[in-house]
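Numbering (UniProt numbering), first residue to last: 1 to 350.
In this text, a Cβ means the ideal position worked out from N, Cα and C, and glycines have one as well.
All of these numbers come straight from a predicted model, not from anything done at the bench.
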Amino acid sequence: MNSSAGNKDEMNFQYADAYVFHEIDYYRRKNPNDFEENVDEKVLNESEKIIPKEIRRFLINIPEYELKNKVRIFYHTEQAYWYYTDFYVKDNSELMGLTLKEFARQMFYSCECLSGHLENINASYQLWEKYRNEIPTYGAILLDPTLQFCLLLQGFSTKAKWGFAKGKVDEDEEPVHCAIREVKEETGFDISKNLDPNNFLEYRVREKSCRLYIVSDVPMDTKFEPKTRMEVKGYSWFPVEHLPCHGKETSSEIRLLKPVEEFYPIIPFVRNLRERISEMKERQLKEELKQQQRQRQQQVKQNEDIENMALKRFNHPSTRDQVPLAARMFFTNFMLSPVESLEIRLYKFD
């Protein structure tokens, strides 16, 4: 990165930091109790043991101008948290209960460069959540070749719901590339060859948007396997017609044998998905009819070519005198008769 780009980034972070401090001050005045940090000193004193050095490097090594921005600090903290969850929590039962916010406390306490942020951690975390919830997400809806079933994923937690493969976009990442990456991470399936960048559904709530590309022709016997740990518990194909369109659709509960609440993340997309599938089936049918018409035209032309060759050969001077006139007339009339298939004519002739 050149110096001018670095200065520009630093200026942007400083501007954002000024906004953050303004919001923190306003939040502090309205919610003074949130700044009474009741930190368990015993837990904090064990930070060095709980958080290994390689985890702390996620924050120790970030540029200094990013350390001045609360949003960027929590961005790197979240990256450290997922690494920590994937590779350390599994082998240590004491760490199972740590949330991202609790993990951030531990990180800020154990990293000297971040210890000054402990006082404002509640307000900073809320601002981070607000920022994170506004980041666009991209993913895909995987459909089987018949367009009747779609793949849903269930998260790892006990209360996890069924949803589509998707995730937040990285900085400067193209939507299509984000969708391909997220689906690959969550299912192990590469959609790059099947993805149509113009075929997607998009749902917006306030400042947040979610775009899902529709990917068809996915074999139902595909073995899905996540590339990330502790994120996806299971996969299942569901009939699109049975999925709920709203939160009080009891018929879906009966057909799916699952409560509607488990499908809340997909409800905003179901109605539009059904309409899009109908459009796709209609286009597919038109394409099949065109293909059949092209095949018939090719068959007719092929038959005509064979007929012309046979007639020329049969009436050639070298063979004409060797065949009785009656036989030649019969063959000529037979070949020119309005029978659909040349194979049928030849079969009858034989």
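Anyone know if the C-beta pair for residue i and residue j falls short of 8 Å?
i, j, result
"G234", "Q154", "yes"
"R72", "S110", "no"
"G163", "L152", "yes"
"Y84", "L100", "no"
"F263", "L243", "yes"
"G139", "L67", "no"
"P265", "K161", "yes"
"E207", "E134", "yes"
"W128", "F74", "yes"
Can you pull the DSSP bridge partners for residue i?
i, result
"S236", "L152"
"G167", "Y138"
"K208", "V205"
"N213", "Strictly speaking, residue 213 in this sequence is Tyr, with Asn absent from that position. Answer is A140 and F200."
"W162", "Q154"
Given residue i, which residues of its chain have a CB within under 7 Å of its CB, disregarding the five upstream and five downstream residues?
i, result
"R229", "D86"
"D217", "P145 and N194"
"K184", "D190 and K227"
"Q148", "P239 and V240"
"Q131", "Rather than Gln, the amino acid found at residue 131 in this sequence is Tyr. Here the set comprises V71."
"L273", "I141, L201 and V240"
Pull up the CB-CB distance for residue i and residue j, whole angstroms please, since I reckon it's below 8 Å.
i, j, result
"I141", "I214", "5 Å"
"I121", "F108", "7 Å"
"E231", "F156", "6 Å"
"S209", "P136", "5 Å"
"R271", "C245", "5 Å"
"D170", "C178", "7 Å"
Classify residue i as buried or exposed, calling it buried when 16 or more other Cβ atoms lie within 10 Å of its own Cβ.
i, result
"T187", "buried"
"E182", "buried"
"K166", "buried"
"R204", "exposed"
"V300", "exposed"
"L114", "buried"
"N308", "exposed"
"N198", "exposed"
"S278", "exposed"
"L143", "buried"
"S252", "buried"
Tell me which residues share the same chain as residue i and place their Cβ nearer than 6 Å to its Cβ, disregarding the 5 neighbours each side in the sequence.
i, result
"V176", "P197"
Closer than 8 Å by C-beta to residue i: which residues in its own chain qualify, once you throw out the five before and the five after it? Chain order, please.
i, result
"T222", "F189"
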